[in-house]
Structures are given as C-alpha cells and as structure tokens.
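Protein chains in written order, with my numbering: chain A, 214 to 376; chain B, 1096 to 1868.
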Amino acid sequence: MNDLVDVSLQVNGVRYDVAIRPWRTLLEVLRETLGMTGTKRSCGEGQCGTCSVLIDGEVVNACLYLAIEAQGKEIETIEGRPEGEPVLQQIQRSFAEKGAVQCGFCTPGMVIATKALLGDNPQPSEDEIREALVGHLCRCTGYVQIVEAIQDAASRLARERLR
Amino acid sequence: MSAQFESVGRRIPRIESREKVEGRSQYIADLYRPGMLHGAILQSPFAHARIRGYNLAEAIAMPGVRAIVTGEDFAEPNRMGAFIKDEHALAKGKVRYVGEPVAAVAADTEEIARAAVQAIRVEFEELPALLTPEEALASGVHIHEGVEGYFKVLDAGSRGNLCSRTEFAEGDVHRGFGESDRVFEHHFETQAQAHVAIEPCGALAELDPQGRLTIWSANQSVFRVQACVAEALGLPMTRIRCLTPRIGGAFGNKMEPHVQPIVAALALKAGRAVKLVLTREEDFEMVRARHPFKIRVKTGVKRDGTFVAREVEVLLDCGAFADDSPGVLGYSLLCARGPYRFPHVRCHGRLVYTNKLRFGAFRGFGNPQVSFAGESQIDDIAEALGVDPIELRLKNILRGDDRALGGQILSSNGLRECVERARDASGWDQWCKGGAPSPSAPGKKRALGFALCGHISGLLASGAIVRMLEDGTVVLNVGANDIGQGSDTVLSQICAEALKIPLENVAFVSPDTDGSPFNWGTTASRVTFMTGRAVVGAAAEVEKQLKRQASEMLECAVEDLELVAGGAVAVKGVPEKKIGFFEIAKRSHWFAGGPIIGSHTWVYDQPTVDPKRAAALGLPFPRIGAYSFSAAVVDVEVDEVTGAAQVKRVWSACDVGRAINPLLVEGQIEGGIAQGIGFALVEEMVWDGARLANPTLMDYKIPTTCEVPYEVHSIIVESHDADGPFGAKGVGEICLVPVPAAIGNAVKHAAGVRLFKLPLTGERILRGTLGKT
C-alpha cells in the first residue's frame, strides 16, 4: 500500500510512530493501530461524546478528527500517562465511588471531559458541569451520580491543593 | 439469618468500577482474535419485496473478500423466534422492512467488507408495503405467507397479518359498566422509541480447534444467544459456546438475537474468526424498538370514586417479525388494569405484522404504554369527580390479600407506602392547597403530576453454583449478564452475606454457556429476585457441606453449629470454638469429604391465571409474578410561548422489597426516570413512507445533562418479600413505567390541556392550549 503516510503521535506523553492512511480518524488509529481501546466508538458522527480525547487540553471527538492533524500535539486519553496522573485518578475514583458508572461505555468520554472542565474551572457550579457535559450522552444513569462524582472530584482536588 | 448485615444493604460501588473508569473494560468492539476478519451487512432497500436472485460474482472477486452469506445459506425450517418461529437470520425469499439484513460479507478489513456488500446485486420484485396495523389488517397481501403453520409456543390465533391476540377477563365487564355511576372512555397513542444503548450491537464468532463455534456478543443472555444461533443455523447447542464481554448498556434490545447468527454463519463459511459491529445508523435500522400502541381505555366508577369496571383494548404494531412482541402484548394486558381493585376487567388486544423493523422488548415491556393511558385517565376521573387524584388512587389500590389480574398472589405489597411517601416528600398536599412548591417563572407555568404502577420481577429459570477454593474463598457462577445495572455486584453481595464472608472473598465468573448454570436472561427486572434466590440456595448448600465437615473436625453435632462472620463455623453459643473456611477447604480438597460445591436452580412456578377467578386466551407467559410497585411525583414547567415542557424535579418511591445495594438502586431509579422523560417528551422514531427518517443521534435525541431534572429524589420502600433473596425484588422497570403518565398529568395541571398522544412535544402542548389538535 503506497498510500500510507508516516505519522508521529504523542499519546499520554509517549511517542508512537505509525504508518497510516491519511483519511484515518484519530479514533481508528488509537483503537486499531495503537490498540488503545479505552476510547469507545458509539455514533461515529460527533453527537454522543463517547470517543472524547484531549488534544492540547481541549475536548475533541476523536471520530471526527483526522489522526494526521494530531501530529505535533499532545493527545490525552482515558489510559493516562504510564507514570500515573493524580487529577485523572481522582476523577476516576470519584466516578467509581459515587456510582457514576453503570455500563461504563460512556465513562471514558465523561472522565476525559471532566478532566478538561476541572482544568479550566476547578470549582464549577452545577450549571457549569451540566453545560460542559451536554454533548456527552449516557443512557443508564440519568446523569445524577455523574454530576455528583464531578462535584466530589472538584472538592477533593481543591482540598488537595490547599494542603 | 442475622439482623445485622455485613454486605447486604451497603452502598458498595460496582465491583468492576475501576476497570470501567480506567478504560480497561473490554466490550465487543474491543475484542480481537488471531486472523480475525471483519463483517458487513447488506440491508434491504425495500419495505416488502420478493428476492428473485443474487449475483455475488463482483463481490466475491474483490481482493480480501473471504466469505459471503445470503438467505440461501439458511435452511427453510431454521427459523427463530421467542414466541413464533417466523424469522431467518438473513432475509430468505422475501424482504419485509427497509434495512433488513439481506446478505453479509467477511473480509480482511471492514472497508473491504463494506465495499463488497455494495457490490452484491440482488434482484427484487417489489410488493405492496403495509405500514400500519390497520392497513395490514385490511389487506389481502400477507407479510408472512403461512403464519398459521409456523411453530408457536402459545395459542396466538395468528391469521393473515394478525400475529397474535390475547385476552384476560375477570368478573363481567358489561355488568360492571351497568353498575357504574360514571363511565369514562378515552383513546391514547404512543410512539416508537429507540433503545439507544450507548454501545452499538455487535458479535464476534470463531471456530475452536474442535470446530465448535465460540461467540462473544453484546447480549443480555449467553443462553438466549446459544439457543437462537442453534435454531438459525440448525446446529445442536453442544456445537455452540457463548461468552460475554462487558455490555455497554442494554434495555431489551440485546435480549433476542441481532447479528450473532449472521456472524456465526460467516465464521463457519470463512473458517476464520469474524467480528461485526453495527454503526449507530444500522443499529437504529435493524435491531428493534419500543412498540407503538393504540389504546382504548374505558373505566366505570361509583359516585364515591370506587372503581367498578375497566376495559382496555390495545392494537400493537409488531413490525416484520414476531420477536418478543406476543410477550409484550400479553404482558401489557396483564398490566392494563393497573394495581387497582376492579371487580370487573376485560383486557384484550391484537398484534399486527407490518413492513417496519421488529418492535420488541424495551424496559417496561408494554407497561409504560398502558400505564400512560390508564394513569392519565384516572387523573381525569378524579377531576370529574372533584377529588384529589392521589386520594382516588389510595381508595382503590390493591391491599391485603388482593391479587394481581389473573389471580396471582402478591407476596409483598408496598404500594400504599410508595404513594404516601412520594406524596409527602413532594409537598403534594401543600401544592393542592395552592401553595406552589416552587413559584413559576414569568412566562412559565409549573405544576405537579402523579402516577403509579406495578410490575413483575419473577419468571422463567435461573441457577447458581458456589464453589469453595482451596483457601476458603469462593467462586460464584450464575450465568447472568451484568448489562450495566450492577448484578455482578449485587449477586456477590448476596453470596457474601449468605456465607458471612467479606465481599472480596467472592470471585464472580463471567457467563459462559459451557460452564455456567442456565439463566434465562437479564431482563424483566428478574436478576436480583430470581438469580439472587438461586445464589441464596447455592450458598445454603455450601453451608450444609461446611457444617458437615466442621462437625467431624470439631466432633460435635451439625445442629449445634452456625456460620460466624469472617468465614468460619462455630459451635452455637461458643464463638471461640470455631474452625475457619480455610481449614475446612484444605481438608475437603486433600483429606476427606471432597471439594465443596453448592448449587441451586429454580424456575418461577406460580401460575399467572387462576381459572376460578379469570379467563385468559393467548397467554404468552403462564407463570410470571412477584410484583414490585412504584409511585412518582413530577414537577413540570411548561413554557407558555413555545409549549415546551421540562421536568424540574422528581420524587420516585419504589418498593424494591429490600435494597441489596442502595447506591445501585438509586442509579436504576435515576436512569429509569431519564428514559421515561425521553419517552414522554422528546423521543420518537419517525418514518418517511417505509424508511426510518431519523436513524442518527443528530436527528433522534435522547435526554442530555440539561434536559433531565437537577433534583431526583429516590425513595426506597422495603416491603421485605418473603420469596426474594433477603427480601429483595426487582427495580429496573418500575422506576420508568409511571413517569410518562405523571408528566402528562403535570402538563394537564400546568397548561390545562390533556394530551392523548406521546411524545408531549412543545408543539402538541401549544396546539392543545390554543384549542387546536
């Protein structure tokens, strides 16, 4: 196949050199080329937020983002950095403890979106939480425990910072 | 049984939460096998057409294409169906709806497979499309030729396009209306709702070295998948092993088969592993959805509000195949009376084939539709009689020794407590006196609405096996899929409680048809009640074996022994004279008695219909019961300019028998409410002629964080069902069922308009307030 292009991707602080077709989405490359299946596909057209990843700190639907566009940018996924990320881990703990996870399929996207939200706004109001997550669909929880988990993560992270 | 519980009743996060939040869970799309091919499906462009022939030459010639299957690969007798065997895995001879799977390809990549299905040429001869039940009943064109001859598990009365009919009767409804002071009759309509589990359906099949099929899939029962693939392919069940990855949500859509038989056929033909995951659009078009209902409700009451007679007639759009529809028809009729004391009842209905996608099981199984109708009408009756709608219900709800429709005994009934607690917590009485619980904003009108329901949680068979390992910890094997609701956790809690061991000493086995005991499925709110009781039975068997061994080790009588907390057997009243599970397990494995394995299986065996009380025709489930109850108050705001309704607050009181895990019960209640809100206000599958017009999440909206209420008050009522594990019953459906009716009743109070058709869109509410329909 001579339509392959060499692409270098920085995912969770680790560099991956891959040869891909230029029309491959970041979601396809993460899941199929790099075997990082934590990022899920649901609608494939940017309506559900399930496949959210961070690109230079911004939430992006990986199903609508070409992998070659991510070159030279910092990609963050639910798998996190190999050495561990305290903020991500606190959000994950809060989601688990507050019951914010049911089937778990939307969870990686929700957690990633929460990381971006709390990065921009460490003490969001309930309105701000709900507005930040409006593009992230969940069919199991009714969102109540998800909102509680985000509030819990925000307050625990705030306490951490004070210490 | 100790009154102090160690595991039961605790707010324990799901045992698999960590893997889920860290993105390590594997769902069907995440599985890969060596040499795995990728599948794609060709869908029918016609609603109704005869298949005259296939030309596969171009597709077969494409590089990377490894196998193609069509209807010709499935023998004529190999038809599937839970109630009526009317469906081949791929269209055979005929297509019956737009989007129906016609052929499938396995290829080296998904891209090649998708290109190859487009290269398949099928010669169709179009037939008239029948798109509504009325049209289909009137037509001489039959969607299934020879439905009368299909194998059926019930007396369906199938004829022409009539798929099935069912009737329940108690007392004499004509006499009842004659004895009534007031008779009310209304017609209601509900729409098709899509399940929209966030994970689309998919399957992976491969042949093991012995040539047996191994199938992983998004499913609600590995045993149901095994049975359906066996039927579709004409194979003995011993040739098929079904396993489950994590399931990304399921609400009835993953109970009966979707693509599993097709993927299995591709794997057999290609001799290689094949995976196929549907796109969101395909999932909308070819899986299944909630039935559109037309409902007529006629209710006779005394002047003092005593309910006397109720007649309910329903007409269901079945879609092209029976699937779970005869069950939905029968179950909706069983629920159509509502949990009320009517001496005279007649519930009857018909299910009609049309050229649309299969309608099937969806959380509530026909009950949300008939409850919307019945509970809307009761509010109108209360208004006509000038009484409070909750008082009217309390006067007539089932109590004491009252029975379900048909005569089923209620082993527990917390309905009154549900009603009273939802009423009191919401400030209903104060609101009725004019003291609005929350003031309406300018241009908005705000009001409360109420509804209640009853729903079953017991039917069919479940089993459990508890094995003690050499170190005294145990492995729990039940064959029940956790579809996200949390049954792995709840059943582990029940096991830990029964054996008085820490939760972490219980390992949960992923369902496997080769090794797990039969479990009919994760559906019908049944897993906690049915499988939970099997777990209690298996644990009791382990306890018996432990005590037998301990009696030899401690040299005392079995009757003098009891389990004590932490995994030990002790002499009653002498807690220091004890022996740990570790020592007993070592002895049993290596010295005497043999390894300890407890098992228990059961099938729900209480008859639905007592022939002395009720008559039934076309009964799909002869044995179902164990009723859970719920009541809901909703606080709804209606925009006077746009008509749009928004649910601001909800109080949902659910009689769950006992909450094994309140954190997870609340999660069920909150999620059920959100789906009920979607059904009531926004969700609707729309057809443009025969073609589904909105098969994407761009055009089909489900509630988001901003459309669900900020305030959800889950009220757990515990009626301690003597038949349930530690008193527990199911909660998965009662939380959803009354919500649409409660919203309709709140809209009536807020905007002064009664709508008889779901969803209650802003346009419909506005037209109603303007006096236009």
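Built from N, CA and C at the ideal position, the CB exists for glycine as well.
Below 7 angstroms on C-beta distance, what does residue i contact in chain B?
i: A:P321; result: G1118
i: A:A309; result: P1108, S1112, R1113 and V1116
i: A:R377; result: As displayed, chain A neither begins before 214 nor continues past 376, which places residue 377 of chain A out of reach and without an answer.
i: A:R343; result: T1800 and C1801
Exposed or buried, residue i, counting other C-beta atoms within 10 Å across all chains shown (16 or more means buried)?
i: B:M1175; result: buried
i: B:P1463; result: buried
i: A:C316; result: buried
i: B:Q1525; result: exposed
i: B:K1843; result: buried
i: B:V1669; result: exposed
i: B:D1583; result: buried
i: B:M1793; result: exposed
i: A:W389; result: Lying before the first or after the last residue shown, residue 389 of chain A is absent from chain A, which here runs from 214 to 376.
i: B:N1150; result: exposed
i: B:D1399; result: exposed
i: A:D333; result: exposed
i: B:S1723; result: buried
i: B:Y1127; result: exposed
i: A:V218; result: exposed
i: B:S1234; result: exposed
i: B:K1707; result: exposed
i: B:H1183; result: buried
Can you give me the C-alpha to C-alpha distance between residue i and residue j, rounded to a whole angstrom?
i: B:E1265; j: B:E1806; result: 41 angstroms
i: A:L330; j: A:A345; result: 7 angstroms
i: B:A1384; j: A:V220; result: 42 angstroms
i: B:A1680; j: B:D1566; result: 6 angstroms
i: B:G1461; j: B:P1790; result: 22 angstroms
i: B:G1130; j: B:A1362; result: 11 angstroms
i: B:P1702; j: B:R1718; result: 5 angstroms
i: B:A1665; j: B:G1118; result: 44 angstroms
i: B:V1268; j: B:G1549; result: 22 angstroms
i: B:G1847; j: B:R1405; result: 25 angstroms
i: B:L1299; j: A:L222; result: 30 angstroms
i: B:A1785; j: B:T1227; result: 10 angstroms
i: B:V1561; j: A:V231; result: 48 angstroms
i: B:D1816; j: B:V1653; result: 29 angstroms
i: A:I359; j: A:G312; result: 8 angstroms
i: A:V347; j: A:Q260; result: 10 angstroms
i: B:I1335; j: B:A1325; result: 7 angstroms
i: B:A1359; j: B:V1248; result: 25 angstroms
i: B:G1529; j: B:H1290; result: 39 angstroms
Residue i versus chain A: which residues are under 8 angstroms apart at the beta carbon?
i: B:A1468; result: Result: empty, since nearest Cβ-Cβ is about 24 angstroms, beyond 8 angstroms.
i: B:I1342; result: C316
In chain order, what residues of the same chain lie with their CB nearer than 8 angstroms to the CB of residue i, ignoring the 5 residues before and after it?
i: B:Q1288; result: A1384, R1385, F1457, G1773, F1774, E1778, E1779 and M1780
i: B:L1598; result: S1102, I1107, I1110, S1587, Q1588 and A1591
i: B:V1403; result: G1271, F1272, E1274, S1275, G1395, V1396, K1397, F1437, P1438 and H1439
i: A:N225; result: I288, E289, T290, E292, G293, R294 and P295
Here's a check: name, in chain order, each residue in its chain whose Cβ is nearer than 7 angstroms to the Cβ of residue i, leaving out the five neighbours to either side.
i: A:A371; result: P335 and Q336
Counting only Cβ pairs nearer than 7 angstroms, list the residues of chain A close to residue i.
i: B:P1295; result: S255
i: B:V1291; result: R352
i: B:G1762; result: G312, Q315, T354 and Q358
i: B:R1082; result: Given a span of 1096 to 1868 for chain B in the structure shown, any question on residue 1082 of chain B remains unanswerable.
Kindly list, in the order they appear in chain A, the residues whose Cβ is closer than 9 angstroms to that of residue i.
i: B:R1367; result: Chain A residues near B:R1367: none, gap ~18 angstroms exceeds 9 angstroms.
i: B:V1807; result: G355 and V357
i: B:A1124; result: R244, T250, K253 and R254
Sorted by chain position, which residues of the same chain lie with C-beta nearer than 6 angstroms to residue i's C-beta, five sequence neighbours on each side aside?
i: B:E1870; result: Coverage of chain B is limited to positions 1096 through 1868, which leaves residue 1870 of chain B absent and any answer about it impossible.
i: A:K286; result: I268 and D269
i: B:E1828; result: R1458, G1459, H1550 and S1620
i: B:G1857; result: T1737, G1738 and A1739
i: B:P1195; result: For clarity, residue 1195 of chain B is Glu in the given sequence; the question names Pro instead. S1139 and A1186, listed in sequence order.
Name, please, each residue of chain B whose Cβ falls closer than 8 angstroms to the Cβ of residue i.
i: A:Q305; result: R1113, V1116 and E1117
i: A:E339; result: Y1805
Practice task
Answer yes if the stretch 1134-1141 of chain B comes into contact with the stretch 1321-1339 of chain B, meaning at least three C-beta pairs across the two stretches below 8 angstroms, and no otherwise.
Solution key: No, because fewer than three Cβ pairs between the stretch 1321-1339 of chain B and the stretch 1134-1141 of chain B fall closer than 8 angstroms, the two stretches do not touch.
Exercise for the section: May I ask you to verify whether the stretch 260-274 of chain A touches the stretch 1138-1152 of chain B, counting CB pairs closer than 8 angstroms and requiring at least 3? Expected result: no
Problem - Sufficient close CB pairs (3 or more, under 8 angstroms) joining the stretch 1492-1508 of chain B to the stretch 1469-1483 of chain B - result: no
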